[in-house]
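Chains as they are written, first to last, in the numbering used here: chain A, 15 to 281; chain B, 39 to 346.
Idealized CB from N, CA, C, for every residue including glycine.
Worksheet: the structure to be examined is printed underneath.
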Amino acid sequence: MKRKSRKVRLDVLKRIYGFLIYLFLFLPIIVIVVNSFNATTSKPYLSWKGFSFIWYTKIWENTELLSAFGNTMLIALITTAAATVIGSLGAIGMYRYNFHGKKTIDALLYIPVVIPEIVLGISLLTLFTKTNIPRGLLSLILAHVTFCIPYVIFNVRARLSGYDNSIEEASMDLGANRFQTFTQITLPVLLPGISGGALLAFTLSIDDVIVSYFTNGQTKTYPLKVMESIKSGVSPDVNVLSTVILVGTIALVVLTQTDILRKRKAA
Amino acid sequence: MEINQNAVLPVTGSGTKIHAVSRHKWKSNTLPALITVGPVTLWLAFFVAVPLVYVAVMSFCSIDSYYNVVFKFTLDNYARLLDINYVKIYGQSFLIAFASTAISILLAYPFSYLIARTKSHKKMLYYILVIIPFWTNSLIRIYGWRTFLGKYGWLNSALMALHLIQKPADFLYNRGTTILGMVYCLFPFMVLPLYTSIEKLDENLLEASADLGARKLPTLFHVILPLTAGGIFSGCIMVFIPTLGYFFVSDILGGGNADVIGNLIERQFQSGNNWPLGSALSIILIVITLVLVKTYQKCGGSMENFGA
Chain A
15 MKRKSRKVRL DVLKRIYGFL IYLFLFLPII VIVVNSFNAT TSKPYLSWKG FSFIWYTKIW
75 ENTELLSAFG NTMLIALITT AAATVIGSLG AIGMYRYNFH GKKTIDALLY IPVVIPEIVL
135 GISLLTLFTK TNIPRGLLSL ILAHVTFCIP YVIFNVRARL SGYDNSIEEA SMDLGANRFQ
195 TFTQITLPVL LPGISGGALL AFTLSIDDVI VSYFTNGQTK TYPLKVMESI KSGVSPDVNV
255 LSTVILVGTI ALVVLTQTDI LRKRKAA
Chain B
39 MEINQNAVLP VTGSGTKIHA VSRHKWKSNT LPALITVGPV TLWLAFFVAV PLVYVAVMSF
99 CSIDSYYNVV FKFTLDNYAR LLDINYVKIY GQSFLIAFAS TAISILLAYP FSYLIARTKS
159 HKKMLYYILV IIPFWTNSLI RIYGWRTFLG KYGWLNSALM ALHLIQKPAD FLYNRGTTIL
219 GMVYCLFPFM VLPLYTSIEK LDENLLEASA DLGARKLPTL FHVILPLTAG GIFSGCIMVF
279 IPTLGYFFVS DILGGGNADV IGNLIERQFQ SGNNWPLGSA LSIILIVITL VLVKTYQKCG
339 GSMENFGA
């Protein structure tokens, strides 16, 4: 009896602890979402003037913010495509073939992951300046692809570690050529790793602040626009856009991942 | 491999046969290896290795009176690193990094344990709930904290409504709020490796420890913590290193009172415009990263933990 009540007490403690951590994680987001409904129209937009949708209608007037958001999406899409192709091919090649310098490539892969982002940012800035690569969309994409490639490789590599080479041999024995084997056997098997890597690359790209800060030139991405506006007081339409993005991502994940969740449940 | 294949060939045979085989090898091995590994190798060489070497070179360069980089060897930049004002910032930066890492691990370990040991189908949900906040841009979330803690923020309003304070308190712009922001930004990087290592923990070992008479605390210190040490170490690296560079967190929440090494570098590449000095400052971060990662590897840590 005494033991049971102790167990219940411990259970309650665990729940409270978990709740407090989640509160910590979600608190600023709650602030952002609530403030996106703030009716205030005077700087610095901090005091609560009542509930309203006014900023949801005004968001279309802030063309600078919207074009920055457009840049972010464009950069993220191109980055994801490039990093996914380069990274997946690299992961497959490094898994399958032995060659000189493989260890060096492996070590280079970890640099963008462990080094502080600011070092990557300034080193790319010096490179772009020295080689006269214009700072703007192009330099941003080159920089983003650089820090996304390793994550794609790690994701695909994780999938490869359980990969059975003999299915490819079987495919070739049955008369398929190298290209057919690659598109019809190798790719489908690796697809979960590749799409996981692509999703991660996309997220890293749209969220990047530091590397973009040094490599953007005059081009503004959405995070950089936010950084700029923080100095003058963030208007609630930034909160509106963040809220919309958040709801959009959650919807996307719920729609695409429900079967994964369900499978996990069954397992 | 290569030698073996060639060794079984009849050497006395016609040259065309050898030629055909080596062409086959080119098509079946060298060419696909080049196509797959070539692009990533070139990319990493040009956009990771070359820029870092260039930064190292630049740290020994001088500037002219227009702040242009001139390739004239000097150790001045490194001498300037010892400026007492800079040394104070390094100290502060390390303090912030240590505190952020310690707080992260204290908060994240029990939390990761709870999620990793959840038996029900809610486990996946708990895990995803840790990730969801990170779909909102980190700058915006840091700004959310500033709004919450600000003079007219929710916290002050709540405390005043409860008559706990008479006038708004200054929560912002100090080391404490900067540490809060760092912990907040990097929390999942602590949770994920911990979660992975705790989930791998064999439950039978815990039972065995209990069966052999060990109480909860000895089991924790002699079984659970040593077995999850890899996750703890990689989590610490993933929090400690970025903390030294996250200049925007100390900008927004520290308001200039809690600068980290990243702020020093940022200033030299923006307003200060002394790139060689900024490069020398970056070398500090590169060296710290190398030392920590090498130590981690020496202790038997796997690099794969960082990619998870």
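Would Gly247 of chain A pass as a contact of Tyr59 of chain A if the rule is Cβ separation under 8 angstroms?
-> Taking the first residue of the first sequence as position 1, residue 247 of chain A is located at position 233. Taking the first residue of the first sequence as position 1, residue 59 of chain A is located at position 45. Going by C-beta atoms, Gly247 of chain A is nearer than 8 angstroms to Tyr59 of chain A.
Buried or exposed (CB count within 10 angstroms, at least 16 for buried), Asn106 of chain B = Working through the second sequence from its first residue, we reach residue 106 of chain B at position 68. Only exposed fits Asn106 of chain B, as fewer than 16 other CB atoms lie within 10 angstroms of its CB.
Does the distance from the C-beta atom of Ile125 of chain A to that of Ile303 of chain B stay below 8 angstroms?
-> Along the first sequence, read from residue 1 onward, the residue named residue 125 of chain A stands at position 111. Along the second sequence, read from residue 1 onward, the residue named residue 303 of chain B stands at position 265. One thing to note: Ile125 of chain A has its Cβ no nearer than 8 angstroms to the Cβ of Ile303 of chain B.
Taking 8 angstroms as the CB-CB cut-off, is Tyr190 of chain B touching chain A?
-> Looking up residue 190 of chain B in the second sequence gives position 152. It does; some Cβ of chain A falls within 8 angstroms.
What do you get for Phe65 of chain A, buried or exposed, if any count of 16 or more other CB atoms within 10 angstroms of its CB means buried?
-> For this step, residue 65 of chain A is matched to residue 51 along the first sequence. Classification for Phe65 of chain A: exposed.
For the stretch 175 to 193 of chain A, which residues have a beta carbon sitting closer than 8 angstroms to at least one beta carbon of chain B?
-> Among the residues of the stretch 175 to 193 of chain A, those with a Cβ less than 8 angstroms away from any Cβ of chain B are Arg192, in the order of the chain.
By Cβ distance below 8 angstroms, which residues in the same chain neighbour Val240 of chain A in space, the five residues on each side in sequence not counted?
-> For this step, residue 240 of chain A is matched to residue 226 along the first sequence. For Val240 of chain A, where only same-chain residues beyond five positions count, the Cβ hits under 8 angstroms are Val248, Val252.
Chain-order list of residues whose beta-carbon lies under 6 angstroms from that of Thr94 of chain A (same chain, five-residue window excluded) = Translated into the one-based positions of the first sequence, residue 94 of chain A becomes position 80. So the list reads Ala212, Ala215, Phe216, once near-sequence residues are dropped.
Take the Cβ of Tyr190 of chain B as the centre, count every other Cβ of all protein chains shown within 10 Å, and call the residue buried at 16 or more, exposed below.
-> Working through the second sequence from its first residue, we reach residue 190 of chain B at position 152. That one is exposed.
Does Thr98 of chain A come within less than 8 angstroms of chain B when only Cβ atoms are used?
-> Working through the first sequence from its first residue, we reach residue 98 of chain A at position 84. At a cut-off of 8 angstroms, the C-beta of Thr98 of chain A has no neighbouring C-beta in chain B.
Paired residues, beta bridge with Ile101 of chain B - DSSP = One-based indexing of the second sequence puts residue 101 of chain B at position 63. B:Val107.
Interfacial residues, the stretch 76 to 89 of chain A to chain B, with Cβ spacing under 9 angstroms | Listed by position along the chain: nothing, the set is empty.
If you drop the 5 nearest sequence neighbours on each side, which residues of the same chain put their C-beta closer than 7 angstroms to that of Gly51 of chain B?
-> If you number the second sequence from 1, residue 51 of chain B lands on position 13. Confidence in Gly51 of chain B is poor, its pLDDT being 43 and thus under 50, which makes the residue's placement too unreliable to answer from.
How far does the alpha helix (DSSP H) with Ala140 of chain B in it reach, from first residue to last?
-> In the second sequence, residue 140 of chain B corresponds to position 102, counting from 1. First-last of the alpha helix (DSSP H) with Ala140 of chain B: 122 to 154.
Check each residue of the stretch 131 to 149 of chain A: if its Cβ is closer than 7 angstroms to any Cβ of chain B, include it; give the result in chain order.
-> Of all residues in the stretch 131 to 149 of chain A, only Glu131, Ile132, Val133, Ile136, Ser137, Leu138, Leu139, Thr140, Leu141, Lys144 place a beta-carbon less than 7 angstroms from a beta-carbon of chain B.
Residue-chain proximity (Ser61 of chain A, chain B), Cβ-Cβ < 8 angstroms | Locating residue 61 of chain A in the first sequence gives position 47, where the first residue counts as 1. Judged by the 8 angstroms Cβ criterion, Ser61 of chain A is in contact with chain B.
Measure how close the beta-carbons of Leu337 of chain A and Phe228 of chain A come, nearest whole angstrom, since I'm counting them as under 8 angstroms.
-> The shown model of chain A, from 15 to 281, leaves out residue 337 of chain A, and the question about it has no answer.
Got a sec: is the Cβ-Cβ distance from Leu144 of chain B to anything in chain A below 8 angstroms?
-> Working through the second sequence from its first residue, we reach residue 144 of chain B at position 106. Taking 8 angstroms as the CB threshold, Leu144 of chain B stays off the interface with chain A.
From this set, A:Arg20, A:Tyr31, A:Pro202, A:Tyr36, which residue's C-alpha is nearest Pro171 of chain B's C-alpha?
-> Indexing the second sequence from 1 puts residue 171 of chain B at position 133. Answer by Cα proximity: A:Tyr36.
Quick one: grab the DSSP three-state call for Phe285 of chain B.
-> The sequence position of residue 285 of chain B within the second sequence is 247, counting from 1. Three-state result, Phe285 of chain B: helix.
Check each candidate in A:Val166, A:Tyr109, A:Val225 and name the one with the smallest Cα separation from Ser209 of chain A.
-> Stepping through the first sequence from its first residue, residue 209 of chain A is reached at position 195. Nearest option by C-alpha distance: A:Val166.
Using the Cα positions of Leu113 of chain B and Pro256 of chain B, report the straight-line distance between them to the nearest angstrom.
-> Position 75 of the second sequence, counted from the first residue, corresponds to residue 113 of chain B. Position 218 of the second sequence, counted from the first residue, corresponds to residue 256 of chain B. For Leu113 of chain B and Pro256 of chain B, the gap between their C-alpha atoms comes out near 53 angstroms.
Closest residue to Ser102 of chain A among A:Ile147, A:Thr140, A:Leu201 (Cα-Cα distance) | For the purposes of this step, residue 102 of chain A is taken as the residue at position 88 of the first sequence. Minimum Cα-Cα distance from Ser102 of chain A among the listed residues A:Ile147, A:Thr140, A:Leu201 corresponds to A:Leu201.
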